[in-house]
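In what follows, a structure is listed as structure tokens, so that the remarks can point back to it.
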Amino acid sequence: MKTSFKLLFAAGVLAAAGQVMAKDQITIATDATFPPFESVDASGKLTGYDVELAQDVCVAAKLDCNIINAAWDGMIPGLIARKYDALISQLTVTEARRKILAFSDIYDHPVFRFVGRKDAHLDTSPEGLKGKVIAVQTGTPMDAYVTKHYPQSTIKRYDSGSAPYLELAAGRADVHMSYQAQITHSFLAGDNGKDFELIGPQLTGKDAPEFGEGVAIAINKSNTELLKKINAGLAEVRDSGKLDALNAKYFGGK
Amino acid sequence: MLSEYITTVLDAGWITLQLAVAALLLAVVLGLLGALCKLSNNRLLRGLAALYTTLMRGIPDLVLMLLMFYSLPALLNQWIGAAGGDYNVDPSPFFAGFLTLGVIFGAYMTETFRGALLGIPRGQLEAAQAYGLGRGKTFRSIILPQMIRLALPGFTNNWLVLVKATALVSLIGLQDIMFRAKGAAEATAKPFTFYLLAGGFYLSIAVLSMIALAWLGKRYSLGVRESGR
Numbered sequence: 001m002k003t004s005f006k007l008l009f010a011a012g013v014l015a016a017a018g019q020v021m022a023k024d025q026i027t028i029a030t031d032a033t034f035p036p037f038e039s040v041d042a043s044g045k046l047t048g049y050d051v052e053l054a055q056d057v058c059v060a061a062k063l064d065c066n067i068i069n070a071a072w073d074g075m076i077p078g079l080i081a082r083k084y085d086a087l088i089s090q091l092t093v094t095e096a097r098r099k100i101l102a103f104s105d106i107y108d109h110p111v112f113r114f115v116g117r118k119d120a121h122l123d124t125s126p127e128g129l130k131g132k133v134i135a136v137q138t139g140t141p142m143d144a145y146v147t148k149h150y151p152q153s154t155i156k157r158y159d160s161g162s163a164p165y166l167e168l169a170a171g172r173a174d175v176h177m178s179y180q181a182q183i184t185h186s187f188l189a190g191d192n193g194k195d196f197e198l199i200g201p202q203l204t205g206k207d208a209p210e211f212g213e214g215v216a217i218a219i220n221k222s223n224t225e226l227l228k229k230i231n232a233g234l235a236e237v238r239d240s241g242k243l244d245a246l247n248a249k250y251f252g253g254k
Numbered sequence: 001m002l003s004e005y006i007t008t009v010l011d012a013g014w015i016t017l018q019l020a021v022a023a024l025l026l027a028v029v030l031g032l033l034g035a036l037c038k039l040s041n042n043r044l045l046r047g048l049a050a051l052y053t054t055l056m057r058g059i060p061d062l063v064l065m066l067l068m069f070y071s072l073p074a075l076l077n078q079w080i081g082a083a084g085g086d087y088n089v090d091p092s093p094f095f096a097g098f099l100t101l102g103v104i105f106g107a108y109m110t111e112t113f114r115g116a117l118l119g120i121p122r123g124q125l126e127a128a129q130a131y132g133l134g135r136g137k138t139f140r141s142i143i144l145p146q147m148i149r150l151a152l153p154g155f156t157n158n159w160l161v162l163v164k165a166t167a168l169v170s171l172i173g174l175q176d177i178m179f180r181a182k183g184a185a186e187a188t189a190k191p192f193t194f195y196l197l198a199g200g201f202y203l204s205i206a207v208l209s210m211i212a213l214a215w216l217g218k219r220y221s222l223g224v225r226e227s228g229r
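Going down the list, the sequences are from chains A and B. Taking the working numbering, the leading residue of the first sequence gets 1, the next gets one more, and so forth. Taking the working numbering, the leading residue of the second sequence gets 1, the next gets one more, and so forth.
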């Protein structure tokens with residue numbers, strides 16, 4: 001027994017040291033709890049739009065990348081503390097974030113949408129949702145948007161992407177706002193979502209500043225060299241048509 | 001597909017167990033040292049031990065963990081950089097979690113062991129001295145077996161809380177059973193399945209530990225029960 005305990009200790013210390021040694025490798029963190037953008041497959045591997053894009057960018061920029069699954073709460077602090085070299089996780093570019101992070105060129109302009117019961121025929125204007133319950137994931141652009149524009153609705157905030165759908169299905173929330181692609185993939189395509197539909201207009205960063213300028217890869221402010229490489233890689237992925245192919249695969253050719 | 005996810009999640013239970021056992025060992029070492037310091041005649045040692053248990057028992061686990069994982073390495077790197085060094089301190093989530101949980105539960109163990117040591121009648125120490133036993137021999141043959149017996153209930157309690165506290169380390173990115181359960185829950189939109197699975201895992205660890213420690217408790221109190229009758 002004693003030796004196995006010692007091994008445990010050694011493993012812990014080595015794991016700590018290992019990260020120090022592999023310096024040439026770029027660590028990219030993603031919060032794999034947001035399908036179809038980033039999630040884990042049945043074998044525990046990372047998959048999704050952002051993950052595939054990151055892989056393509058790394059190949060194009062000739063970077064040796066290690067894409068890891070990290071917890072959302074620790075991602076931005078981890079980037080600032082240089083635990084991670086870059087983040088790709090549907091990060092919305094906003095003025096506030098530009099003050100502490102550097103962003104690559106924007107690679108996507110996500111579409112935001114409300115989802116509600118088919119038979120409720122809700123009007124999604126602030127007046128129409130007066131007194132209704134809106135569910136959102138906390139700390140997201142959707143949260144900022146409904147908080148600002150729907151003061152007469154009750155806003156319920158959840159810290160995971162899937163919880164609002166449980167609330168919708170259970171009737172504890174009237175509508176939910178999220179990325180249109182996420183709603184379709186995680187809810188409407190499944191059994192729980194069969195009585196629900198996308199409602200209201202398609203919204204983007206052009207409609208409200210809360211939705212941000214678009215999504216981009218975040219990099220530590222002091223790492224200008226990596227920023228240049230990633231932008232070059234992103235441009236190549238875009239020019240070669242790979243980005244369009246990825247959009248077609250995940251969003252049906254937007 | 002669901003069964004594959006279940007296997008992937010349960011596989012991570014091994015990481016949870018490794019972390020819990022490693023942290024327990026550190027906690028036991030710190031707990032013994034802390035208890036001896038608290039009972040020593042040296043005022044400085046007593047003060048240091050009191051400071052340690054107050055701080056560690058008074059600050060939330062999560063706060064300490066975030067400090068250990070983000071703030072402390074950043075501070076150290078700043079110092080190293082200022083001193084002209086080129087070394088980058090970057091603890092893994094496992095190492096940061098091990099250190100934090102070990103240090104926190106070391107404080108609880110300190111109190112458990114201190115109480116157990118106080119429960120040993122002073123007359124036994126005097127008797128050991130009268131028989132001419134040295135300090136080391138007294139500790140090993142007289143104090144330790146009785147301390148284990150008296151500390152076991154509190155120790156069991158601490159261990160059960162520690163196992164569950166490892167779930168916190170998923171917040172700094174350790175791929176333990178909780179982290180994997182969350183990933184699987186979000187990927188499949190079946191949170192109940194996977195959180196219940198994780199809950200069942202912690203529960204089974206707790207039940208097995210209670211059975212093992214109850215058996216150990218019986219062994220260590222053999223002589224006492226006899227003489228009590």
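Glycine is no exception: its CB is placed at the ideal position from the N, C-alpha and C atoms.
- Relative to the Cα of Ala163 (chain A), the nearest Cα in the group A:Gly128, A:His176, A:Gly252, A:Leu122 belongs to A:His176.
- Taking Val224 (chain B) as the centre and dropping the five residues before and after it, the same chain places the C-beta of Arg149 closer than 8 Å to its C-beta, in chain order.
- By the criterion of a C-beta distance shorter than 6 Å, Ala86 (chain A) is surrounded in its chain by Ile28, Ile217, Ile219, once the five residues flanking it on both sides are discounted.
- Within the stretch 177 to 205 of chain B, the residues whose Cβ lies closer than 8 Å to any Cβ of chain A are, in chain order, Phe179, Arg180, Lys182, Gly183, Ala184, Ala185, Glu186, Ala187, Ala189, Pro191.
- Taking C-beta separations shorter than 7 Å and ignoring five residues to either side along the sequence, the partners of Ala165 (chain B) in its chain run Asp61, Leu101, following chain order.
- Ala248 (chain A) has no beta-bridge partner at all, per DSSP.
- Identification of chain A residues near Ser209 (chain B) by a Cβ-Cβ cut-off of 8 Å yields none; the smallest Cβ-Cβ distance measures about 15 Å.
- Note on the stretch 12 to 86 of chain A: whole alpha helix (DSSP H) runs with a minimum of 4 residues are 49 to 60, 75 to 80, in chain order.
- The C-alpha of Pro36 (chain A) is placed about 18 Å away from the C-alpha of Glu197 (chain A).
- Residue burial is scored here from C-beta neighbours: Asn157 (chain B) has fewer than 16 other C-beta atoms within 10 angstroms and is therefore classed as exposed.
- Rounded to the nearest angstrom, the gap between the Cα atoms of Leu117 (chain B) and Met147 (chain B) is 6 Å.
- Taken in chain order, the stretch 29 to 61 of chain B contains no complete beta strand (DSSP E) segment of 3 residues or longer.
- For Phe211 (chain A), the closest C-alpha among the options A:Thr147, A:Gln25, A:Leu166 is that of A:Thr147.
- DSSP places Ile88 (chain A) outside any alpha helix (DSSP H), giving it a letter other than H or E.
- In the same chain as Leu234 (chain A), and ignoring 5 residues on each side of it, the C-beta atoms closer than 7 Å to its own belong to Val57, Ser104, Asp105, Tyr107, in chain order.
- The stretch 115 to 122 of chain A and the stretch 230 to 248 of chain A do not touch, with fewer than 3 CB-CB distances between them shorter than 8 Å.
- Neighbours of Ala74 (chain B) in chain A, taken as residues whose beta carbon is under 7 Å from its own, are Ala81 in chain order.
- For Tyr150 (chain A), the number of other beta carbons within 10 angstroms of its own is at least 16, and it is reported as buried.
- Look at the stretch 160 to 200 of chain B and you find no whole run of beta strand (DSSP E) that is 3 residues long or longer.
- For Ile205 (chain B), the CB contacts under 6 Å within the same chain, skipping 5 residues up- and downstream, are Val163 in chain order.
- Arg43 (chain B) sits exposed, since fewer than 16 C-beta atoms from the chains shown fall within 10 Å of its C-beta.
- With respect to chain A, the C-beta atom of Thr8 (chain B) has a partner C-beta closer than 8 Å.
- Between Phe113 (chain B) and Gly31 (chain B), the beta carbon gap of about 5 Å places them in contact (Cβ cut-off 8 Å).
- Beta-bridge pairing by DSSP links Met1 (chain B) to no other residue.
- With the criterion set as a beta carbon lying under 8 Å from some beta carbon of chain A, the members of the stretch 161 to 177 of chain B are Ser170, Leu171, Ile172, Gly173, Gln175, in sequence order.
- Per DSSP, Glu167 (chain A) is one residue of the alpha helix (DSSP H) stretching across 163 to 170.
- DSSP, reduced to helix, strand and coil, places Gly200 (chain A) within a strand of the structure shown.
- Just measuring C-alpha positions, the residue of A:Asp123, A:Ile26, A:Ser39 sitting nearest Ser160 (chain A) is A:Ser39.
- In the three-state DSSP reduction, Tyr158 (chain A) falls in the strand class (E or B).
- Counted as a single uninterrupted DSSP element, the alpha helix (DSSP H) harbouring Tyr145 (chain A) occupies residues 141 to 149.
- Contact between Thr184 (chain A) and Tyr158 (chain A) does not hold, since the beta-carbon distance rounds to 19 Å and is not under 8 Å.
- In the three-state reduction of the DSSP assignment, Asp207 (chain A) falls in the coil class.
- For Ile134 (chain A), the enclosing beta strand (DSSP E) starts and ends at 133 to 137.
- The shortest CA-to-CA distance from Gly78 (chain A) to any of B:Ala83, B:Gly85, B:Met68 is the one to B:Met68.
- Residues of the stretch 221 to 246 of chain A that bring their beta carbon within less than 9 Å of a beta carbon in chain B are absent altogether.
- Your pair Ile172 (chain B) and Met56 (chain B) does not check out as a contact, with CB atoms roughly 18 Å apart and the cut at 8 Å.
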